[in-house]
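Read in the numbering used here, the sequence shown has 336 at position 356, and its numbers run on one by one without any break. Ideal Cβ positions, reconstructed from N, Cα and C, are used throughout, including at glycine. Source: prediction; values computed, not measured.
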Amino acid sequence: MRRLALLGAVFFAPAVSAQQQGEAPPQPVTVVTLEAQDVTLTTKLPGRVQASGEAEVRPQVGGIIVERLFDEGTDVSRGDPLYRIDPATYEAAKASAEASLAQAQAQAASAERELKRQQELRDRSVTSQQTLDDALAARDVAEAAVKVAEAQLLSSNIDLERTTIRAPLTGVVGLSDATQGALVTAGQSTALTTIRALDTVNVDVTQSAAEMLRWRRSGQAAAEESEARVSLRLADGEVYEHTGRLAAAEPHVNEQTGVVVLRLEFPNPDHFLLPGMYVQVELPQGSVSDAVLVPQEGVTRDRRGRPVAMVVNADNQVESRQITIQRDLENTWVVTEGLDAGDRVIVAGLQKIAPGQTVTPEERDATETAAADPGAATE
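In structure tokens form, the structure reads like this:
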């Protein structure tokens, strides 16, 4: 009996071992359960901050700067004095113009009296008509001389007023390129300083004409063009706290590049944004209703280059789904066809599975951040 039992054990042992080898456990995979949501599509466009207003301050009269009347980097209002040029020469010119005006007025008064005398003499036929005409012409010349003198006085007053150089607009004044004692000339090429209006700033970006046409043809274009709020991402990756708006679009397409220039306007009450800063504008381009966001690592391509996702069905079996991708959004794909809310998309373990295979799904939080593809294009 012992020999038979031992023989039976030897006979059945390979069969049991083979059975255990054929029952390999299902392959574990990581899945994300999808949720339907309305997705706002945005386009990221690079640009640089520009002041909403900028004026270079130059003298309109020449002379020696005797005083600088502002602190560099501070706020100034339109009309505030910035520099004072030595006014002595212009005060003398004004005094001369005043004297010339007084002389012209005296000559005009004398010519008027002479004309009246000649008119009285002519009425008594004591003088000739030619003499009266000469007196009339002399009176007119004297009155014209008064007007010339008045214009010269006005010009001298303007020049004297311009010896105080004032701010042409409200904004932040920059560094001064002129010091006390410097000689300046009217309309010189070098600006004394620059004033920039920073309470509101602009960002000019370019967008392809094709994208602009798609946006205008969408159902929301009319409303979004005037009401859409535009986000701004700074060079350090942070989002600017204030949103902006589309202020204007250049009504012209560049024939060589095929792009349109858009001007975006952002409030800047704390003067946080400075001209020249590199930024990225996130411009709304429309929305997709009931779309699902699929992690990019869960989408592959078939032999024909079509996007495909592997889904775990209710029986924990793998299914292959051909999908339609609207565009990318951060590290996900916006999918409009082929997947529904509640589908479990495989995002890890794709190399070891095939359609029809039974797997053991392990859920991953749908909001978990995956590493974005550094080579992915951003619209």
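Residues near residue i in its chain [Cβ-Cβ closer than 7 Å; skip 5 each side]
| i | result |
| --- | --- |
| E92 | R119 |
| E343 | V11 and T13 |
| Q269 | One detail in the question is off: residue 269 reads as Ser in this sequence, not Gln. Counting only Cβ-Cβ distances below 7 Å, and skipping sequence neighbours, we find D18. |
| V241 | D184, T186 and E230 |
| P335 | V298, E299 and S300 |
| L116 | L95 |
| S108 | none |
| T20 | P264 and S267 |
| Q98 | T107, T111, L112 and A115 |
| R104 | none |
Contacts around residue i, its chain only, beta-carbon distance under 8 Å, and the 5 residues preceding and following it disregarded
| i | result |
| --- | --- |
| D320 | L14, A16 and V272 |
| L81 | V126, A129, E130, Q132 and L133 |
| G167 | R38, P39 and Q40 |
| I333 | Q7, V9, M290, V298, I326 and V339 |
| A189 | V233, G238, V239 and V240 |
| T69 | G43 |
| S76 | S136 |
| A397 | Any answer about residue 397 is impossible in this case: the structure gives the chain only from -19 up to 359. |
Residue i to residue j span [Cα, whole Å]
| i | j | result |
| --- | --- | --- |
| G33 | L309 | 35 Å |
| V261 | P287 | 29 Å |
| L134 | A162 | 27 Å |
| E221 | L212 | 8 Å |
| K24 | P5 | 46 Å |
| L178 | G154 | 12 Å |
| E191 | A227 | 18 Å |
| D114 | A79 | 27 Å |
| V233 | P67 | 52 Å |
| T150 | S90 | 51 Å |
| Q85 | A124 | 10 Å |
| R209 | L263 | 8 Å |
| V259 | L214 | 5 Å |
| N248 | T280 | 44 Å |
| R142 | P148 | 12 Å |
| R28 | R176 | 15 Å |
| R58 | W313 | 51 Å |
| R374 | S267 | Absent from the model: residue 374. The displayed extent of the chain is -19 to 359, so no value can be given. |
| P255 | G329 | 49 Å |
| T22 | R194 | 13 Å |
| N296 | Q337 | 8 Å |
| R283 | N311 | 23 Å |
| R146 | P61 | 4 Å |
| V106 | E100 | 9 Å |
| L49 | V164 | 16 Å |
| Q83 | A35 | 42 Å |
| Q30 | D216 | 18 Å |
| Q236 | M257 | 27 Å |
| E218 | D55 | 27 Å |
| P26 | D51 | 34 Å |
Same chain, Cβ closer than 6 Å to residue i, neighbours up to 5 away in sequence not counted
| i | result |
| --- | --- |
| Q87 | A122 |
| V327 | T10, V12, P275, E277 and G278 |
| R243 | N182, D184, A227 and A228 |
| T340 | P6 and P8 |
| R102 | L112 |
| Q64 | Checking the sequence shown, residue 64 turns out to be Arg, not Gln. For R64, where only same-chain residues beyond five positions count, the Cβ hits under 6 Å are V46, E47 and T144. |
| G43 | I65 and D66 |
| Q331 | none |
Cβ separation of residue i and residue j, assumed to be a contact under 8 Å, to the nearest whole Å
| i | j | result |
| --- | --- | --- |
| F246 | G224 | 4 Å |
| K74 | N137 | 6 Å |
| G53 | V152 | 7 Å |
| L140 | E71 | 6 Å |
| V291 | D323 | 5 Å |
| T316 | Q306 | 5 Å |
| T304 | G285 | Not confirmed; about 14 Å, so no contact. |
Any non-hydrogen atom of the ligand GTP closer than 7 Å to residue i Cβ
| i | result |
| --- | --- |
| A228 | Of ligands this structure carries none, so the ligand GTP is not represented either. |
message: Would the segment 147 to 158 count as touching the segment 169 to 183 if we require 3 or more Cβ pairs under 8 Å?
response: These segments touch.
field: Whole alpha helix (DSSP H) elements within the segment 224 to 290, 4-residue minimum
entry: Taken in chain order, the complete alpha helix (DSSP H) segments of 4 or more residues contained in the segment 224 to 290 number zero; there are none.
field: Ordered list of beta strand (DSSP E) runs contained in the segment 289 to 351, each at least 3 residues
entry: Fully enclosed beta strand (DSSP E) runs of 3 or longer: 298 to 302, 304 to 309, 312 to 317, 324 to 328 and 339 to 343.
- prompt: Taking the runs of the alpha helix (DSSP H) that are 4 residues or longer, which of them lie wholly in the segment 14 to 101?
  reply: Counting only runs of 4 or more, we get nothing.
- request: Entirely within the segment 127 to 172 and at least 4 residues each: give me those alpha helix (DSSP H) ranges in chain order.
  value: Entirely contained in the segment 127 to 172, not one alpha helix (DSSP H) run reaches 4 residues.
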